[in-house]
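Numbering (the UniProt record's numbering), first residue to last: 1 to 530.
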């Protein structure tokens, strides 16, 4: 069919109709020179920024390069095989590195910013996800369905990111706030979307949970060895290319004692973060203990749960014990309700549900009245100073929050804005409630808590669906993880486990999609013959 663009060329005795070549018409000379001058000026400014910016701020210069890379990826031609397998591998590698590799052991090369191992993996995973979004219609459709299956999770999360962006101009240190914002997008936003896709694949949640339990056991034995060593195991054996000349790293590597008893850190910067992470793994041990099929692995999980509790004791962190109580007390109720639906002929779940209020009240009473439990969980004695510090911080924070209640003081600005220092002179803040209120204001705090509340509610609801072989039950374990996170963050402001938490939120979103799109049952022999 003629289009009006053809032209005829003589080739030997034949006349061939061809399309003309496409040539951009030459523009005015002044415009070409102007574009070259603009490009030269941009390169000159970029080079000057590299020379003048301090090393810790060089990461900001990655932003324009990342934007250009994203545009390049976006114009890739449509394809049928997105690199989702690479994304899954890199996501898993990031998950492992997030726990087993200390973040402060980063590749340090002269003249270059620090290269964290975990960020290498997450960057490759993000690249694979962006390529998949660009070239694969099916991948885009799957992500659209995942978002549609959990609309309020993604709406609230998107609102929270917008609040983060709006708070940036209000920050005392704009470069530091921007760096923290970019870090959050890598560890929170990208991880949420990647995990929500990866966990829709059959069997991925079970494999992820098995890896988590394995890492927990590794951390337990690492902690026992560290306790006997009375120092972090690699403190005096760090290669030169992984050494970071930062006073903060030296504080992390220095032994910490409470009442002359060593506190283990593992791969985390402080004992509290390790205790919190260990508590967050407990629901996945409990899930297999109550719902797993292989007896050998169930016995392993019983032993593993006890070992994790031992490691929490070695951290001497109250939040670990709080997390332990939340994990086990809430899981009993979830198990009883799920088992009552799946095992209608069994009376044990019904008895457990009937006795649960009495058991819960007894547990709370024991914590309040038994001196040893009260001191370990609620504080006292050696913990009295930290409790008093949190009270002082709340009194200092209230007038600051009232001065900027809408957008706060900017991402990552809470500790400096509060200005509270511990006896050693270190600026710190000991409650994530204060961090959220100071960083993002009352709306940001409300949106974050609502996000977690919606995810918890959705997780518990999904855990009551499906059959015994369904992975829906993991939604209950994930919801309990979020309950532990909220309980622990009342007395801890560290975000070391925040990326892990957004994996958990992504898991709930993925299970919600799987609940709407169940796999077809395998065909029976009779169906195959017919």
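C-beta: ideal position from N, C-alpha, C; glycine also.
These numbers were taken from a predicted model, which means no experiment stands behind them.
Inside the region 135 to 180, DSSP marks whole alpha helix (DSSP H) runs of 4 or more residues at positions 137 to 149, 151 to 167, from first to last along the chain. For residue 301, same chain residues with a beta-carbon under 6 Å away, outside a window of 5 residues either side, are 285, 288, 289 in chain order. In the displayed model, residue 261 falls within a strand according to three-state DSSP. Excluding residues up to 5 positions away in sequence, 130 lie with their Cβ nearer than 8 Å to the Cβ of residue 70 in the same chain. Boundaries of the alpha helix (DSSP H) around residue 374: 371 to 378. Collapsing the DSSP output to three states places residue 421 in a strand. Secondary structure in the region 424 to 487: the alpha helix (DSSP H) runs of 4 residues or longer, each lying completely within the stretch, are 432 to 463 in chain order. For residue 107, the secondary structure class from DSSP, reduced to helix, strand or coil, is strand. Straight across, the Cα-Cα distance linking residue 222 with residue 480 is about 26 Å. Contact between residue 497 and residue 226 fails: their C-beta atoms lie close to 19 Å from each other, not under 8 Å. Judged by their CB atoms, residue 437 and residue 417 are not nearer to each other than the 7 Å cut-off. Our two residues, residue 29 and residue 76, have alpha carbons roughly 32 Å apart in a direct line. With contact defined as three or more Cβ pairs closer than 8 Å, the region 124 to 141 and the region 74 to 91 are in contact.
According to the DSSP secondary-structure assignment, residue 115 is paired through a beta bridge with 107. With a beta-carbon spacing of about 13 Å, residue 493 and residue 422 fall beyond the 8 Å limit used to define contacts. Distance check between residue 88 and each of 202, 239, 242 places 202 closest, using alpha-carbon atoms only. When the Cα atoms are used, residue 359 and residue 352 turn out to be separated by approximately 9 Å. The Cβ atoms of residue 157 and residue 451 lie closer than 7 Å to each other.
With distances taken between CA atoms, residue 212 lies nearest to 305 out of 515, 391, 305, 51.
With contact defined as three or more Cβ pairs closer than 8 Å, the region 98 to 108 and the region 162 to 176 are not in contact. For residue 41, the enclosing alpha helix (DSSP H) starts and ends at 29 to 52.
DSSP places residue 393 within a helical segment (H, G or I) once states are collapsed to three. Between the C-alpha atoms of residue 326 and residue 485 there is a straight-line separation of about 10 Å. Taking 7 Å as the cut-off, the Cβ atoms of residue 314 and residue 252 do not count as close. In summary, residue 514 is buried, with 16 or more beta-carbon neighbours lying within 10 Å of its beta-carbon over all protein chains present.
For residue 325, the three-state secondary structure derived from DSSP is helix. Straight-line measurement puts the Cα of residue 303 at about 23 Å from the Cα of residue 483. Each residue's CA atom was taken as its position, placing residue 402 and residue 319 some 29 Å apart. Counting along the chain, residue 197 sits inside the alpha helix (DSSP H) bounded by residues 190 to 198.
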